[in-house]
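Asks: As you go down the protein sequences, you meet chains R and G in turn. Counting with this note's numbering, you get residues 9 to 510 for the letters of the first sequence. Counting with this note's numbering, you get residues 28 to 666 for the letters of the second sequence.
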Amino acid sequence: MSFPILEVLIFLPVIASLTLAALPKKWAELVLPVSWVASIVQLGLSIYLWFWANNRTPNVNGYFLEKNHSWIKAIGARFYLAVDGMSINLVLLSTLLTIVGLCISQNQKDRTKAFCVWLFLLEASVVAAFMAGDIFYFFTVFELGLIPMFFLISGWGHGRAQYAATKFLIYTMAGSVTLLVGMLWLSSLYEKSVGHFSYNVVELVKWVNQGGLSHANQIALFIMFFVAFAVKAPLIPFHTWLPDAHTQAPTAGSVDLAGLMLKLGSFAMIRFAYPLFPYAAQKLAPYVMAIAAFGVVYTAIISTMQNDVKRLIAYSSVSHMGIIIIGIASGTIVGLNGAIFSMISHGLTTGAMFCVIGLIYDRYHTRNISELAGLWITNKQIALYFIIAGLASIGVPGLSGFIGEFLSLLGGFNTVNSFYSNRIFMVIGIVATLGIIFAALYMLWAFQRIFSGQPSEIVAKAAKENPGKEKLALYEHFAIAPMLILSLVLGFVPSLILGFGR
Amino acid sequence: MIANMYMNNELSPLAKYGLILFILPMLVAFLIILVGGKNENTKKYSKIVATLAIGLTFIYIVLLTVEMMQDGHSRTYSMVIDWIKVGDFSVDLRFTFDSLSLLMGLFISFVAFFIHVYSLEYMKEDSRSHLFFAYLNLFCASMFILIFSNNLLFTFLGWEGVGVCSWLLISFWYEKSFTAVAGKKAFITNRIADVALLVGIFMIYRHGSKTLEYTSFESIVSKISPTVATLIALCLFIGAMGKSAQFPFSVWLPDAMAGPTPVSALIHAATMVTAGIYLMIRSMPFLEHSNFTSTFILVIGSITALYAAISALTQTDIKRVLAYSTLSQLGIVFTAIGVHSSVGSIFHVFTHAFFKALLFLGAGAVIHAFHHVAHKNKLDEQNINNMGGLKKYLPFTFYTFLIGVLAISGVFPFSGFWSKDEILNVLYHKNMIVYIIISITSFLTSIYMMRLLTRVFLGKERTEINNEVHENKFFIKTSLLVLAVGSVVAGIANLPFGNSDLISKSFEDIAHEEHFHFNPTVAIVSSILAILGLYIGYKISIKEDYLLNKTGKFANAAQEGMYVDKSVSTVVSKALNPFGYFLSDKFEPKVFDGFANLFEKLFDYFGAVTQSIFKHSARSAVLVMSIGLVVFVIVGLVL
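So this is what it looks like as structure tokens:
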């Protein structure tokens with residue numbers, strides 16, 4: 009393709025953001041139109057990219073499109089963009105969720121301009137990261153992405169937003185330290201044997217596969233990479249930044265945090281950690297998978313006990329990410345594709361879930377389950393959305409959540425590993441599968457307490473004071489419905505994502 | 028493999044477009060949910076359209092059956108739609124039509140249609156009844172997927188789908204929170220069993236079936252060790268225990284009676300709860316290679332049959348009697364599965380669908396008619412000890428209900444006699460102990476059913492009625508009549524004489540099982556037990572409720588469902604709840620978050636240092652940092 013679509017996808021939101029930032033105060037009414045145009049163009053481009061790649065076969069490196077620009081010559085870091093099926097789908101998800109974030113924030117009257125500026129910067133950084141083929145470049149754009157997220161949480165969040173934002177920032181940055189050290193070390197090892205520095209994943213993988221890296225080094229480097237990505241994913245025990253960040257973030261922030269930021273961790277595992285260190289990946293697989301399986305069940309139980317719905321969903325996200333990591337670590341085609349599918353599906357269903365919770369919060373100014381009841385009577389539309397998003401999230405077949413979860417667990421259960429007996433992985437697979445019980449428990453229990461019975465005091469009062477406000481506005485439908493429709497479509501036609509093959 | 032024998036162009040059009048069976052009701056359901064509630068007219072039409080949709084599926088299945096009988100195929104397929112294809116794993120959306128799925132399809136769509144008709148009248152006064160019909164249609168769509176699917180994973184889609192619909196329908200009257208609690212309980216109990224089912228699927232994939240098609244099971248079995256076959260069979264059976272409410276998963280079914288009565292009739296008596304039995308028949312190859320699992324099934328089936336029958340003896344809620352009776356009957360069917368009798372189990376499931384649906388709808392008719400009087404006297408409208416003497420006011424309901432009672436008790440020549448005899452006959456030859464247990468169960472069945480009939484319809488009026496109880500209208504009567512006829516004649520599907528054992532014949536290609544000739548001893552013993560039971564049941568309840576009032580501790584135990592539910596929920600609340608609280612309130616904040624806060628202390632220290640430099644908040648520090656990063660990137664680009 010001669011049109012530099014990848015570069016445009018990265019820099020268009022940057023330009024949009026700068027344009028918005030430069031808009032003088034008196035043109036404030038232009039902020040939303042500019043944002044809409046930019047994000048729709050962005051979505052259009054990523055849809056185009058999706059269709060373009062759909063009927064092509066990837067090149068020898070497994071990529072549909074590669075762009076290799078020079079960047080920091082001194083240390084060998086390059087601006088290397090490489091997109092495979094996973095990248096294309098994740099980029100599409102990013103542009104879609106940006107629109108959702110914009111849409112659900114239509115009644116966000118507080119500093120709209122700054123909000124949109126940060127939203128676009130966030131989009132630019134995640135889109136850039138999802139195309140990364142160079143570790144150094146991935147590291148940079150990832151760290152850059154933390155900044156808009158920090159401002160979105162601290163500037164527009166609720167409650168202890170400042171605390172949550174700082175915790176988020178410090179925690180994930182601290183996690184990246186091991187990646188920074190690891191990649192510098194890896195690159196210097198490469199320089200010693202080949203003669204020049206490189207962070208290019210294709211070159212590095214080739215070098216590693218030719219035996220360039222000792223087993224001990226592989227293990228050390230894998231752990232350094234993996235810990236950094238596990239913090240971002242997050243995998244227990246590195247997950248505690250997430251519930252706080254999610255709970256305090258504004259709706260759009262939560263949607264993008266869960267839908268996009270979390271995927272950077274698992275994306276980087278698939279793109280960097282696993283192909284680069286295949287020996288270590290196999291050797292450490294039972295440990296990684298055991299932690300992940302424990303995490304699936306553990307966080308699902310914690311989820312059950314939450315009183316704040318948003319916190320509940322945040323913990324459920326950690327549980328889902330555990331299943332994704334099991335799929336990745338299984339090293340099977342089935343598991344890996346399941347993980348990728350789950351990443352997309354989780355973005356859609358959790359995004360929808362956070363939007364629904366945002367709707368509830370807008371109307372009743374509480375997210376505490378104990379203060380809510382009887383919403384099914386006052387607000388049938390929200391109930392319907394909650395049911396569909398909830399069922400999709402807990403993996404009821406027919407909706408997208410099931411396919412990813414099933415394939416990940418199937419892969420995990422049937423892990424092929426040259427160092428360990430299969431039985432270990434069967435046990436791990438069964439433990440992780442137990443998570444679906446608690447998933448049903450937290451979701452249905454929350455639903456029952458929030459929606460059934462007679463309206464609680466708060467709900468009844470809100471209904472009396474603002475009659476008619478329970479009905480959803482058009483923009484709210486526009487934000488949620490597409491995600492759920494997509495989830496349903498993917499549940500029956502998973503080949504839309506699986507078809508890209510791996 | 029067999030799937031490839033019929034290329035798409037060879038399929039008859041009827042079979043080829045078979046997927047319409049689930050697509051049509053599903054679309055109707057979505058349509059009603061989206062636009063059905065606009066105004067009174069759309070609500071009315073929604074219900075009619077939903078009913079017609081199920082009627083059409085019934086006709087479609089009848090035509091399919093006729094066509095297959097004429098062509099002499101034992102199995103045809105619908106066209107294939109790719110579903111999940113990744114690596115070596117490849118599962119399709121495809122329907123199989125063979126004698127098992129068609130038989131199930133016939134009675135499900137038939138009963139479902141008449142329950143729709145019944146609901147037209149029964150749910151008339153409910154302002155949300157169009158949604159009720161939408162959920163019913165969604166349920167039927169899922170049920171068709173479950174039974175017609177040609178592979179285990181697509182079946183699992185239907186399996187979870189019926190679970191979701193059951194949840195929605197039990198909690199249909201969500202204004203009362205206990206309905207939502209009951210719905211949730213049903214769903215979660217089922218989910219626990221589903222874990223085992225999923226693990227079973229994983230193992231079948233692992234041991235060679237990459238398509239999970241039922242037809243591949245035979246060939247897998249020949250390749251695996253008996254231990255693996257046992258594990259697979261056990262996993263699948265535990266999955267089946269959830270949906271078919273076998274002990275100890277039985278706890279959800281009595282509570283599920285919180286839903287509207289037509290739902291209890293359709294989902295929790297005639298169709299959904301038979302899904303487990305369907306699954307077991309499909310996985311018969313594994314069972315046949317696993318003595319352990321077969322014995323386990325016999326044990327679980329016997330326990331369920333007996334404990335539920337005892338529990339039914341002193342229930343006072345008309346629907347709970349029937350719920351326990353369903354449990355008990357399902358237990359009986361599972362004992363047939365335990366001795367690998369596909370024909371016996373499917374035959375009883377078939378006849379049971381008619382008479383149990385009839386009994387539930389009859390109960391619904393009674394509740395509907397009695398509701399007004401009960402409400403006025405502030406009495407429980409479902410308590411049989413508030414009723415009595417209703418025969419005078421509801422003669423039509425009484426006679427149809429009587430047919431149901433005779434059929435379920437196994438009185439000659441009603442349908443229940445033939446199907447129960449089939450099971451008893453096999454048990455008699457294969458396992459004497461279980462035969463005796465099931466005979467006792469049948470005897471108890473006649474007692475509690477007769478007690479129910481007597482307490483409701485016969486004897487004195489225990490509530491002043493003043494002619495305020497009236498027979499229900501046309502739709503309800505029609506449905507009762509049709510199902511009553513069904514309950515009488517459904518036995519002809521497999522009469523044990525000459526050439527009339529249709530089910531056995533058509534199952535020859537599915538199940539290669541031993542066939543036992545009609546055994547007069549078994550038939551006579553069961554008939555005597557049934558008649559005796561009916562007589563005793565009448566005697567002990569016509570004047571007063573002897574079992575409830577005069578048996579002390581036993582009555583309590585039976586009323587509590589032999590404490591099965593109580594012990595399970597005690598374990599859950601005493602063990603799991605505190606554990607959850609411990610994890611979320613103690614472990615998580617102290618251990619994992621404590622770990623995080625260590626970091627924070629560290630950074631607080633650095634923060635203090637940086638703050639002394641910047642003398643500003645964290646936000647400006649971040650701003651400075653971001654400017655630094657941007658400068659870094661730009662410098663990098665220039666270099």
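Cβ coordinates follow ideal geometry from the N, Cα and C atoms, glycine included.
1. Return no unless some Cβ of chain G is closer than 8 Å to the Cβ of Ala293 of chain R.
2. If you draw a straight line from the C-alpha of Leu496 of chain R to the C-alpha of Ser408 of chain R, how long is it?
3. Just to confirm, does Lys70 of chain G get its C-beta within under 7 Å of one of the non-hydrogen atoms of the ligand SAM?
4. Of all the CB atoms in chain R, is at least one closer than 8 Å to the CB of Asn35 of chain G?
5. Could you name the residues of the same chain whose beta carbon sits closer than 6 Å to that of Phe508 of chain R, not counting the 5 residues immediately before and after it, in chain order?
6. I want to verify the contact list: residues of chain G whose CB lies under 9 Å from the CB of Met157 of chain R, in sequence order.
7. Which stretch, first to last residue, makes up the beta strand (DSSP E) that contains Thr103 of chain G?
8. If we call anything under 8 Å between Cβ atoms a contact, is His750 of chain G one with Ile59 of chain G?
9. Classify Phe524 of chain G: buried if its beta carbon has 16 or more other beta carbons within 10 angstroms, exposed otherwise.
10. Look up Asn31 of chain G in the DSSP assignment and say whether it is helix, strand or coil.
11. Can you name the residues of chain R whose CB is closer than 8 Å to the CB of Ile219 of chain G?
12. Nearest-angstrom Cα distance between Ile197 of chain G and Asp221 of chain G?
13. Should Leu383 of chain R and Ala391 of chain R be called a contact, given that it needs their Cβ atoms to be closer than 8 Å?
14. Report the start-end ranges of each beta strand (DSSP E) in the region 52-140 of chain G that is 3 residues or longer and not cut off at the edges.
15. Grab the span of the alpha helix (DSSP H) containing Leu522 of chain G for me, first residue to last.
16. For Leu567 of chain G, which of helix, strand or coil comes out of DSSP?
17. Under 8 Å Cβ to Cβ from Glu151 of chain R, same chain only, skipping five residues before and after it: list those, please.
18. Listing by chain order, which chain R residues have their CB less than 8 Å from the CB of Tyr420 of chain G?
19. Could you tell me whether any Cβ in chain R is nearer than 8 Å to the Cβ of Glu202 of chain G?
20. Measuring only the C-alpha atoms, how far is Lys250 of chain G from Ala90 of chain R?
21. Is any beta-carbon of chain G found at less than 8 Å from that of Asn63 of chain R?
22. Could you give the distance in angstroms between the alpha-carbon of His295 of chain G and the alpha-carbon of Asn376 of chain R?
23. Across which residues does DSSP place Leu610 of chain G in a beta bridge pair?
24. Below 8 Å between beta carbons: does that hold for Ala80 of chain G and Leu120 of chain G?
25. Could you tell me whether the Cβ atoms of Asn413 of chain G and Asp572 of chain G are closer together than 8 Å?
26. If you run the structure through DSSP and keep just helix, strand and coil, what is His77 of chain R?
27. What first and last residue would you give for the alpha helix (DSSP H) that runs through Leu511 of chain R?
28. Using the beta-carbon of each residue, which ones in chain R are nearer than 8 Å to Asp153 of chain G?
29. Which residues in the same chain have their Cβ closer than 8 Å to the Cβ of Leu53 of chain R, if we skip the five residues on either side of it in sequence?
30. Where Leu160 of chain R and Gln50 of chain R are concerned, what is the direct C-alpha to C-alpha distance, given to the nearest angstrom?
31. Which stretch, first to last residue, makes up the alpha helix (DSSP H) that contains Arg371 of chain R?
32. Let me know the secondary structure DSSP gives Asn36 of chain G once reduced to three states.
33. Taking the straight line between their C-alpha atoms, what separation do you get for Val342 of chain R and Gly303 of chain R?
34. Checking 8 Å against the spacing of the C-beta atoms, do Val515 of chain G and Ser442 of chain G come in under that value?
35. At 4 residues or longer, what runs of the alpha helix (DSSP H) sit wholly inside the region 159-239 of chain G?
36. Compute the Euclidean distance between the alpha carbons of Tyr33 of chain G and Glu240 of chain G, then round it to the nearest angstrom.
Replies: This is what the structure holds:
1. For the purposes of this step, residue 293 of chain R is taken as the residue at position 285 of the first sequence. For Ala293 of chain R, the answer is no, since every Cβ of chain G falls outside 8 Å of its Cβ.
2. In the first sequence, the residue the question calls residue 496 of chain R occupies position 488. In the first sequence, the residue the question calls residue 408 of chain R occupies position 400. C-alpha separation (whole angstroms): 6 Å.
3. In terms of ligand content, the structure shown is empty, and the ligand SAM therefore cannot be addressed.
4. Position 8 of the second sequence, counting from 1, holds the residue named residue 35 of chain G. Unreliable placement is indicated for Asn35 of chain G, whose pLDDT of 46 sits below 50; the coordinate value is still reported in the next sentence. Cβ-Cβ to chain R under 8 Å: no for Asn35 of chain G.
5. On the first sequence, position 500 is the one that residue 508 of chain R refers to. For Phe508 of chain R, where only same-chain residues beyond five positions count, the Cβ hits under 6 Å are Gly93.
6. Counted from its first residue, the first sequence places residue 157 of chain R at position 149. Per Cβ cutoff of 9 Å: no residues; Met157 of chain R is ~11 Å from chain G at best.
7. Position 76 of the second sequence, counted from the start, is the residue given in the question as residue 103 of chain G. Note, Thr103 of chain G: beta strand (DSSP E), Arg102 to Tyr104.
8. As shown, chain G starts at 28 and ends at 666. That puts residue 750 of chain G outside it, with no answer to give.
9. On the second sequence, position 497 is the one that residue 524 of chain G refers to. Exposed, because fewer than 16 other Cβ atoms sit within 10 Å of the Cβ of Phe524 of chain G.
10. As a working note, residue 31 of chain G is residue 4 in the second sequence. With a pLDDT of only 45 at Asn31 of chain G, under 50, the local geometry of the prediction cannot be trusted, and the value read off the model is given with reservation. Asn31 of chain G: helix per DSSP, three-state reduction.
11. Position 192 of the second sequence holds residue 219 of chain G. Within 8 Å Cβ-Cβ: Ile445.
12. Indexing the second sequence from 1 puts residue 197 of chain G at position 170. Indexing the second sequence from 1 puts residue 221 of chain G at position 194. So the two alpha carbons sit approximately 19 Å from each other.
13. Position 375 of the first sequence, counting from 1, holds the residue named residue 383 of chain R. Position 383 of the first sequence, counting from 1, holds the residue named residue 391 of chain R. Going by C-beta atoms, Leu383 of chain R is nearer than 8 Å to Ala391 of chain R.
14. 102-104, 108-113, 116-120 and 123-125
15. Position 495 of the second sequence, counted from the start, is the residue given in the question as residue 522 of chain G. First-last for Leu522 of chain G: undefined, no H or E at that position.
16. Here the question's residue 567 of chain G lines up with position 540 in the second sequence. Here residue 567 of chain G is Ile; the residue named in the question, Leu, does not match the sequence. Coil, per DSSP.
17. Position 143 of the first sequence holds residue 151 of chain R. Same-chain partners within the cutoff: Met181 and Ser184.
18. The residue given as residue 420 of chain G occupies position 393 in the second sequence. Those do not exist, as Tyr420 of chain G stays about 34 Å from chain R at its closest Cβ, beyond 8 Å.
19. Numbered from 1 along the second sequence, position 175 holds the residue referred to as residue 202 of chain G. For Glu202 of chain G, the answer is yes, since a Cβ of chain R falls inside 8 Å of its Cβ.
20. Taking the second sequence and counting its residues from 1, the one referred to as residue 250 of chain G is at position 223. Taking the first sequence and counting its residues from 1, the one referred to as residue 90 of chain R is at position 82. Going by the C-alpha atoms only, they are around 45 Å apart.
21. Walking along the first sequence from the start, residue 63 of chain R turns up at place 55. It does not; no Cβ of chain G falls within 8 Å.
22. Start at 1 with the first residue of the second sequence, and residue 295 of chain G comes out as number 268. Start at 1 with the first residue of the first sequence, and residue 376 of chain R comes out as number 368. C-alpha separation (whole angstroms): 34 Å.
23. Taking the second sequence and counting its residues from 1, the one referred to as residue 610 of chain G is at position 583. Answer is none; Leu610 of chain G lacks a bridge partner.
24. Residue 80 of chain G sits at position 53 when you count from the first residue of the second sequence. Residue 120 of chain G sits at position 93 when you count from the first residue of the second sequence. Contact flag unset, no.
25. Here residue 413 of chain G refers to the residue found at position 386 when the second sequence is read from its first residue. Here residue 572 of chain G refers to the residue found at position 545 when the second sequence is read from its first residue. Against a cut-off of 8 Å, the Cβ pair of Asp572 of chain G and Asn413 of chain G comes out as no contact.
26. Counting from 1 along the first sequence, the entry for residue 77 of chain R is found at position 69. The answer is strand: DSSP assigns His77 of chain R an E or B state.
27. Nothing can be reported for residue 511 of chain R, as the shown portion of chain R is limited to 9 through 510.
28. Sequence index remark: in the second sequence, residue 153 of chain G carries index 126 (1-based). Near Asp153 of chain G there are no residues of chain R at all, since even the closest Cβ is about 14 Å away, more than 8 Å.
29. Start at 1 with the first residue of the first sequence, and residue 53 of chain R comes out as number 45. Result list for Leu53 of chain R: Ile13, Val16, Leu17, Leu20 and Thr103, in chain order.
30. Here the question's residue 160 of chain R lines up with position 152 in the first sequence. Here the question's residue 50 of chain R lines up with position 42 in the first sequence. Going by the C-alpha atoms only, they are around 21 Å apart.
31. Here residue 371 of chain R refers to the residue found at position 363 of the first sequence. Start and end: Ile341 to Tyr372.
32. On the second sequence, residue 36 of chain G is found 9 positions in, with the first residue counted as 1. For Asn36 of chain G, the predicted structure reports a pLDDT of 48, less than 50, and the residue's modelled location is therefore unreliable. A value from the coordinates is still provided. Helix.
33. Position 334 of the first sequence holds residue 342 of chain R. Position 295 of the first sequence holds residue 303 of chain R. Each residue's Cα considered, the two are about 21 Å apart.
34. The residue labelled residue 515 of chain G in the question sits at position 488 within the second sequence. The residue labelled residue 442 of chain G in the question sits at position 415 within the second sequence. Yes; because the gap between Cβ atoms is below 8 Å, this pair is in contact.
35. 179-197 and 204-233
36. Indexing the second sequence from 1 puts residue 33 of chain G at position 6. Indexing the second sequence from 1 puts residue 240 of chain G at position 213. With a pLDDT of 46 at Tyr33 of chain G, under the threshold of 50, the modelled position of that residue is not reliable, and the figure given next carries that caveat. Their backbone Cα atoms lie some 15 Å apart in a straight line.
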